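S.K.:
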Amino acid sequence: MTSVTIYHNPRCSKSRETLSLLEQKGLDVNIHLYLENPLSTGQLETIISALGAAAKEIVRTGEDAYESSGLDESSSDQQIVDALTQAPILMQRPIVLSGGKARIGRPPSSVMEIL
Numbered sequence: 213m214t215s216v217t218i219y220h221n222p223r224c225s226k227s228r229e230t231l232s233l234l235e236q237k238g239l240d241v242n243i244h245l246y247l248e249n250p251l252s253t254g255q256l257e258t259i260i261s262a263l264g265a266a267a268k269e270i271v272r273t274g275e276d277a278y279e280s281s282g283l284d285e286s287s288s289d290q291q292i293v294d295a296l297t298q299a300p301i302l303m304q305r306p307i308v309l310s311g312g313k314a315r316i317g318r319p320p321s322s323v324m325e326i327l
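So, in structure tokens, the structure goes:
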């Protein structure tokens with residue numbers, strides 16, 4: 213069985229919905245509470261690569277921490293990764309990683325593309 217990891221924030225309704233969807237499918241899900249256990253630079257780079265996206269696509273620009281992080285539209289991938297390691301609240305949620313691919317669970321059903 214393919215390993216499935218969800219980078220989860222239990223306070224987020226989309227994250228809870230995505231986790232529920234994965235569990236309903238009978239998947240064995242590794243739940244990573246990234247606010248309690250922040251991701252390393254390497255983990256973030258793996259997720260970004262698996263998404264096939266630019267780092268800026270996983271940043272929540274509406275968070276208060278966005279402005280205080282010094283990030284803006286011109287920030288480099290490395291600046292974004294550095295900011296995410298310091299302020300994990302800035303990361304989009306949930307993100308599901310499976311079989312070397314990742315999807316942001318917005319909407320939750322989008323994660324089914326990689327399972």
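All residue numbers for the sequence shown refer to the working numbering, where the first residue is 213 and numbers rise by one. Every residue, glycine too, gets a C-beta built ideally from N, C-alpha and C. On a predicted model such as this, the values are computed, not experimentally measured, just so you know.
1. Verify whether the separation of the beta carbon atoms of Leu231 and Val216 is less than 8 Å.
2. Which same chain residues end up closer than 6 Å to Leu233 when comparing Cβ atoms and leaving out the 5 residues on each side of it in sequence?
3. Give me whichever residues DSSP pairs with Met303 in a beta bridge.
4. Hey, would you say Thr214 sits closer than 8 Å to Thr253, going by beta carbons?
5. Alpha carbon to alpha carbon, how far is Leu327 from Ile307? Give it in angstroms, no decimals.
6. Give every residue of the same chain whose Cβ lies closer than 6 Å to the Cβ of Leu263, excluding the five residues on either side of it in the sequence, and list them in chain order.
7. When the distance is taken between beta carbons, is Leu239 closer than 8 Å to Pro300?
8. Just grab the DSSP bridge partners of Asn242 for me.
9. So, with DSSP's three-state summary, where would you put Lys237?
M.R.: Reading it off the structure:
1. For the pair Leu231 and Val216, the CB atoms are not nearer than the 8 Å cut-off.
2. These residues qualify, in order along the chain: Pro320.
3. Looking at the DSSP assignment, Met303 forms a beta bridge with Val271.
4. Against a cut-off of 8 Å, the Cβ pair of Thr253 and Thr214 comes out as no contact.
5. As the crow flies, the alpha-carbon of Ile307 is around 13 Å from that of Leu327.
6. Once the five neighbours on either side are set aside, the close Cβ partners of Leu263 are Ala314.
7. Not closer than 8 Å, so no.
8. Beta-bridge pairing by DSSP links Asn242 to Thr217.
9. Coil.
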